[in-house]
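Sequential numbering of the sequence shown, starting at 71, is according to my numbering.
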Amino acid sequence: MRTRPDQLDENILTLFNRACRQSRWEVAEHLLRALEASSDEGDGCEPPCVRSPLTDAYLSIASLHSKQ
């Protein structure tokens, strides 16, 4: 079980946020899929309240949509 995000996930999230800021949506989509794939590697035992890079990416998307 991963207790905290690893550095790779954090780096992918950073690049995802940069791609969104630059309106590079195809790149952002691939990076989001990478975060989803990385999240699938967990054993599912993490409590739902634990923030993850994937959760942060989804929150970024929601924030972008609310600003439109």
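Cβ coordinates follow ideal geometry from the N, Cα and C atoms, glycine included.
If you're wondering where the values come from, they're calculated on a predicted model, not measured in any experiment.
Asked: Outcome for Asp79 when other beta-carbon atoms lying within 10 angstroms are tallied against a minimum of 16; Found: buried
Asked: Cα-Cα separation between Leu124 and Ser130, rounded to whole angstroms; Found: 10 Å
Asked: Member of Arg91, Tyr128, Arg88, Arg121 whose CA lies at the smallest distance from the CA of Arg103; Found: Tyr128
Asked: Extent of the continuous alpha helix (DSSP H) run through Gln77; Found: 77-91
Asked: Per-residue burial, Ala132 [other beta carbons within 10 Å of its own, 16 or more giving buried]; Found: exposed
Asked: Through-space distance from Ser109 to Met71, alpha-carbon basis; Found: Only weak support exists for where Met71 lies, its pLDDT of 44 falling under 50; the coordinates are left without a value.
Asked: Three-state secondary structure assigned by DSSP to Met71; Found: A caution first: Met71 carries a pLDDT of 44, below 50, which makes its placement in the model too unreliable to give a value.
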